[in-house]
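Chemist: Residue numbers (our numbering): 13 to 325.
For every residue, glycine included, the Cβ atom is placed at its ideal position computed from N, Cα and C.
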């Protein structure tokens, strides 16, 4: 078996599967920085797109393994070029942020992808005698590959991923302080619908909130210095006849934030609310208020600035 065949049919799928496995293990922080920045600008959930990326990597690996040499080598070229491009972009971002570990990891993946691509570029499959003639995949191989892809996609779609806590792009866009001791955590509640609340930063940092909402409850992210937050509570939650448990979760400012005098009261009007707060210290990047309906720990509805149907039975 030639080096070209080994590179395309064995090493390339193995590299893709290693990437997918590491991303599953790391979670949201494994998402390439440039992609995370684009998603942040579009207000899209990074974990959803990380799942898509994992699905693509596993699908390519399986099709390369089971399809014939011709389609397999073509897919290997495409996969290796993409890996090299993403790794180079990630390496450049890591150099700018002076993250040595990320530089080494990204450079290693780029080197591997570039080396395998150089091996694949040597000769043509029809003229390389050692490779033999190009063969098409049998119908059985295609069925097996398609079945394994469907199973892998289902696993990736339902796997629990750690939330993303790295938001370099968000810091740059918002001109946030960049002290080395401050932790930056971005939350995008609109992307939580259909997911367990335990998979979000809420479940990671304040898991007791989930128990307070029981089997069916409302979570409100707010800040007492926010006028829209006060209006939200006054209109929807100021009565004494609320049937659902309501948890008011305050989003605190960072320790380094300079606060100006506010015209609003420190207390919002919600007689039936359970009040709690996210921990002080990190920079919480999330626009408030948000109203989140949680049923059996799963987010079923998210409203920005208003319930938007989340209070309906």
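Under 8 Å: do the stretch 275 to 282 and the stretch 303 to 312 share three or more Cβ pairs, one atom per stretch?
Modeler: Counting Cβ pairs under 8 Å, fewer than three are found: no touch.
Chemist: Check the DSSP bridge columns for residue 313 and list the partner residues they point to.
Modeler: Residue 313 pairs with 305.
Chemist: Which residues in the same chain as residue 29 place their Cβ atom closer than 8 Å to its Cβ, once the five residues preceding and following it in sequence are excluded?
Modeler: Result list for residue 29: 69, 70 and 73, in chain order.
Chemist: Can you confirm whether the stretch 213 to 222 touches the stretch 254 to 266 when touching is taken to mean that 3 or more C-beta pairs between the two stretches lie within less than 8 Å?
Modeler: With the cut-off at 8 Å, the stretch 254 to 266 and the stretch 213 to 222 touch.
Chemist: Could you pull out every residue in the same chain whose Cβ sits closer than 6 Å to the Cβ of residue 244, ignoring the five residues on either side in sequence?
Modeler: 301, listed in sequence order.
Chemist: I'd like the list of long-range same chain contacts for residue 204, defined as Cβ closer than 6 Å, with 5 residues on each side in sequence excluded.
Modeler: 212 and 311.
Chemist: Assuming contact is defined by CB atoms lying nearer than 8 Å, are residue 168 and residue 63 in contact in what I supplied?
Modeler: Yes, these two residues count as a Cβ contact at 8 Å.
Chemist: So who's on the other strand from residue 198, going by DSSP bridges?
Modeler: In the DSSP output, where bridge partners are listed per residue, residue 198 has 297.
Chemist: Since residue 303 and residue 247 should fall inside the 8 Å C-beta cutoff, what is the C-beta to C-beta distance between them, to a whole number of angstroms?
Modeler: So it is not a contact: roughly 11 Å between Cβ atoms.
Chemist: Report back the beta-carbon spacing between residue 240 and residue 317 to the nearest angstrom; my notes put them in contact at under 8 Å.
Modeler: Confirmed, about 6 Å.
Chemist: Since I believe residue 118 is in contact with residue 99 (beta carbons under 8 Å), could you give me their beta-carbon distance rounded to a whole number of angstroms?
Modeler: Between residue 118 and residue 99 the Cβ distance is about 5 Å, and since that is below 8 Å, they are a contact.
Chemist: Which same chain residues, not among the five before or five after residue 202, have their C-beta less than 8 Å away from its C-beta?
Modeler: Once the five neighbours on either side are set aside, the close Cβ partners of residue 202 are 55, 57, 314 and 316.
Chemist: Between the beta-carbon of residue 40 and the beta-carbon of residue 174, is there less than 8 Å?
Modeler: Going by C-beta atoms, residue 40 is nearer than 8 Å to residue 174.
Chemist: Strictly by DSSP, which residues pair up with residue 234?
Modeler: DSSP output for residue 234 lists 262 as bridge partner(s).
Chemist: Report back the beta-carbon spacing between residue 264 and residue 290 to the nearest angstrom; my notes put them in contact at under 8 Å.
Modeler: With a Cβ gap of about 6 Å, residue 264 and residue 290 count as contacting.
Chemist: Taking the alpha helix (DSSP H) that residue 118 belongs to, which residues open and close that run?
Modeler: 112 to 132 is the span of the alpha helix (DSSP H), which, as asked, contains residue 118.
Chemist: Does the Cβ-Cβ distance between residue 322 and residue 230 come in under 8 Å?
Modeler: Going by C-beta atoms, residue 322 is nearer than 8 Å to residue 230.
Chemist: Do residue 61 and residue 101 have their CB atoms nearer than 8 Å?
Modeler: Not in contact: residue 61 and residue 101 (Cβ atoms no closer than 8 Å).
Chemist: In the structure shown, what three-state DSSP assignment does residue 102 receive?
Modeler: Correct three-state label for residue 102: helix.
Chemist: Taking all protein chains shown into account, do 16 or more other C-beta atoms lie within 10 angstroms of the C-beta of residue 226, making it buried, or fewer, making it exposed?
Modeler: By the 10 Å Cβ count, residue 226 comes out exposed.
Chemist: Put residue 211 into one of helix, strand or coil per three-state DSSP.
Modeler: Note: residue 211 maps to helix in three-state DSSP.
Chemist: CB residue 66 to CB residue 25, shorter than 8 Å?
Modeler: No, the pair does not count as a contact, with Cβ atoms beyond the cut-off.
Chemist: Are the CB atoms of residue 254 and residue 284 nearer to each other than 8 Å?
Modeler: Yes, Cβ-Cβ distance for residue 254 and residue 284 is below 8 Å.
Chemist: Suppose the cutoff is 7 Å on Cβ atoms and the five residues either side in sequence are ignored; what does the same chain contact list for residue 103 look like?
Modeler: Cβ neighbours of residue 103 beyond the five flanking positions: 115, 118, 119 and 122.
Chemist: Quick one, are the C-beta atoms of residue 90 and residue 129 less than 8 Å apart?
Modeler: It is not a contact, given that the beta carbons lie outside the stated cut-off.
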